[in-house]
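Below is one structure, written out as structure tokens; the observations come after it.
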Ligand SMILES: *Cc1c(COP(=O)(O)O)cnc(C)c1O
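Numbering (the working numbering), first residue to last: 177 to 560.
Here you go:
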């Protein structure tokens, strides 16, 4: 069994994917070209923004968004403590200070009340300028944007969305990738919409921000090619990856999102009766893109032992994330964490992600559920 079955996807889409890649190889455009422009148009239409600017990966997309907003030294950027490190790495690289904010126990996303406390505390201290919030749609679930927006408005903060895990997610009818002044995503192969290498994109409704992002992504170019008007980076999506994504986006919209939801529903039914196992929670009005199916194990459960038990039965699992960001050595001495983020800390000790995705078969899902139940009984001595 695969943790996320990219081989099954390739087997189904192979004819279209092979043809798309070969077309690029034979036409001779390897950077840019019609595929990239068409993909940007389709992605913007899918997400519901006016502009999409593709780039080399999701981490660059975050950095580019912060460059566009002019974030730098002296700025405090509020990020969830429970996320992939790139969310905090991008502001750090630009000399800004990440402020780690605790997450909600049930959604795993940024907790608006904790955000408000953190912004107020940094304002009171007066050393850094509270500047921006990067909310993360963790595991595919949209962050609680309406409440986060209220906090941002109260304190005059920019809101950015890190939608790397959430292409296809939906909140109150609005797609992930369309929240905040700019949103970003990643096309790393294992994300809900992935390519065959690295890729990323930014989304915005603002023509000025879109133009700036394009410039920063290509060495700070001006209107003419060798006109260098600002210090930028080199971050482009390859034509081959764009061709792959055009095929995959069509399948994503046509059936993959629905299939992932079916897999999640089946897990929900099969796992509901396991005592003390907390299943992913999707609030009313939200749809997850199901980047991960992450459960919270019973208190005191031997997680590593359970992973071994499942591995012996050929069931791969993963821990996202085993350490809250405030405890990562990379951010020591260059970040702020005011309250120790107790929820993120607890989740990092108790979460485990199960095999997931649109290609998870019903029988594999059932096998995971049965083995998980059996493993928990054996390890905790509990009988339902
Ligand atoms: C994967 C991921 C990124 C980075 O994307 P890359 O394309 O790997 O650079 C950023 N933020 C989050 C939350 C992610 O999961």
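Using N, Cα and C, we set each Cβ at its ideal position, and we do this for glycine too.
Task: Residue of 494, 414, 380 minimising C-alpha distance to residue 207 - done: Nearest of 494, 414, 380 to residue 207, Cα basis: 414.
Task: Bounding residues of the alpha helix (DSSP H) (the contiguous stretch that carries residue 490) - done: Unbroken run through residue 490: none, as it is neither H nor E.
- [ ] Tell me whether residue 485 sits in a helix, a strand or coil according to DSSP, three-state version.
- [x] helix
Task: Test item: CB-CB of residue 312 and residue 324 under 8 Å - done: no
Open item on the list: For a test of your reading of the model: does the CB of residue 140 fall under 7 Å from any non-hydrogen atom of ligand 1? Yes or no.
Closed with: Given that the chain is displayed from residue 177 to residue 560, the structure contains no residue 140 and the question cannot be resolved.
- [ ] Answer yes or no: do residue 496 and residue 525 have a C-beta to C-beta separation smaller than 8 Å?
- [x] No, Cβ-Cβ distance for residue 496 and residue 525 is not below 8 Å.
Open item on the list: Do residue 273 and residue 511 count as a contact pair if the criterion is CB distance below 8 Å?
Closed with: yes
Task: Any non-hydrogen atom of ligand 1 within 7 Å of residue 504 CB - done: no
Task: Cβ-based neighbour list, residue 560, same chain, cut-off 8 Å, excluding 5 preceding and 5 following - done: Because the pLDDT of residue 560 is 45, which lies under 50, any placement of that residue in the model is unreliable, and the number read from its coordinates should be weighed accordingly. Closer than 8 Å at the Cβ level, and outside the excluded window around residue 560, lie 449, 450, 451, 549, 553.
Open item on the list: Taking the straight line between their C-alpha atoms, what separation do you get for residue 370 and residue 377?
Closed with: Roughly 12 Å between the two C-alpha positions.
Task: Pocket of ligand 1 (residues with CB nearer than 6 Å to any heavy atom), chain order - done: Answer in sequence order: 233, 234, 235, 259, 260, 262, 263, 312, 338, 340, 341, 362, 364, 374, 376.
Task: Whether residue 253 touches residue 389 by CB criterion (8 Å) - done: Using a Cβ distance threshold of 8 Å, residue 253 and residue 389 do not count as a contacting pair.
TODO: For residue 234, count neighbouring C-beta atoms within 10 Å of its own C-beta (all shown protein chains included) and say buried if the count is 16 or more, exposed if not.
DONE: buried
Task: N-terminal and C-terminal residue of the alpha helix (DSSP H) that residue 390 is part of - done: 383-393
TODO: Tell me whether residue 256 sits in a helix, a strand or coil according to DSSP, three-state version.
DONE: strand
TODO: Report the residue ranges of all beta strand (DSSP E) runs contained in full by the region 521-548; include only those spanning at least 3 residues, in chain order.
DONE: 527-530
Task: Other residues of its chain near residue 211: CB distance less than 7 Å, five sequence neighbours each side excluded - done: 200, 415, 418, 419, 422
Task: Per DSSP, cross-strand counterpart(s) of residue 359 - done: Answer is 337, 379, bridged to residue 359.
Open item on the list: Within 10 Å of its beta-carbon, does residue 399 have 16 or more other beta-carbons around it, so buried, or fewer, so exposed?
Closed with: exposed
Task: Contact between the region 236-256 and the region 334-341 (3+ Cβ pairs under 8 Å) - done: They touch, by the three-pair rule.
TODO: Quick one: grab the DSSP three-state call for residue 560.
DONE: The predicted model places residue 560 with a pLDDT of 45, which falls under 50 and marks its position as unreliable, so this point remains unresolved.
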